[in-house]
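A.B. asks: Pasting a structure here, questions to come.
Take a look at the structure:
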């Protein structure tokens with residue numbers, strides 16, 4: 708979560724801690740989609756449909 712906040716800060720201010728030519732908002736969007744996928748997969752409905760149960 709800290710690296711996501713740093714990317715968001717770098718995208719808004721233009722000050723990059725990681726070097727130039729980095730698509731900060733693309734990384735923030737990817738992290739957001741990843742968090743949404745983890746939240747979805749954590750639901751019980753998805754767990755009931757696993758192949759190993």
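Numbering (my numbering), first residue to last: 708 to 760. Note that the Cβ used here is the ideal one computed from N, Cα and C, for glycine as well.
(1) In its own chain, which residues sit with a C-beta less than 8 Å from the C-beta of residue 723, not counting the 5 before and 5 after it?
(2) For residue 719, count the other beta carbons within 10 Å of its own beta carbon; 16 or more makes it buried, fewer makes it exposed. Which is it?
(3) List the whole-angstrom C-beta distance separating residue 711 from residue 738, where the pair is believed to meet the contact cut-off of C-beta under 8 Å.
(4) At the level of alpha carbons, what is the spacing between residue 736 and residue 714?
C.D. replies: In brief:
(1) For the purposes of this step, residue 723 is taken as the residue at position 16 of the chain shown. These residues qualify, in order along the chain: 717, 729 and 731.
(2) To locate residue 719, count along the chain shown from 1; it is residue 12. Flag for residue 719 reads exposed.
(3) The sequence position of residue 711 within the chain shown is 4, counting from 1. The sequence position of residue 738 within the chain shown is 31, counting from 1. Contact flag correct, Cβ pair sits at about 5 Å.
(4) Translated into positions along the chain shown, residue 736 becomes position 29. Translated into positions along the chain shown, residue 714 becomes position 7. Between residue 736 and residue 714, the C-alpha separation is close to 10 Å.
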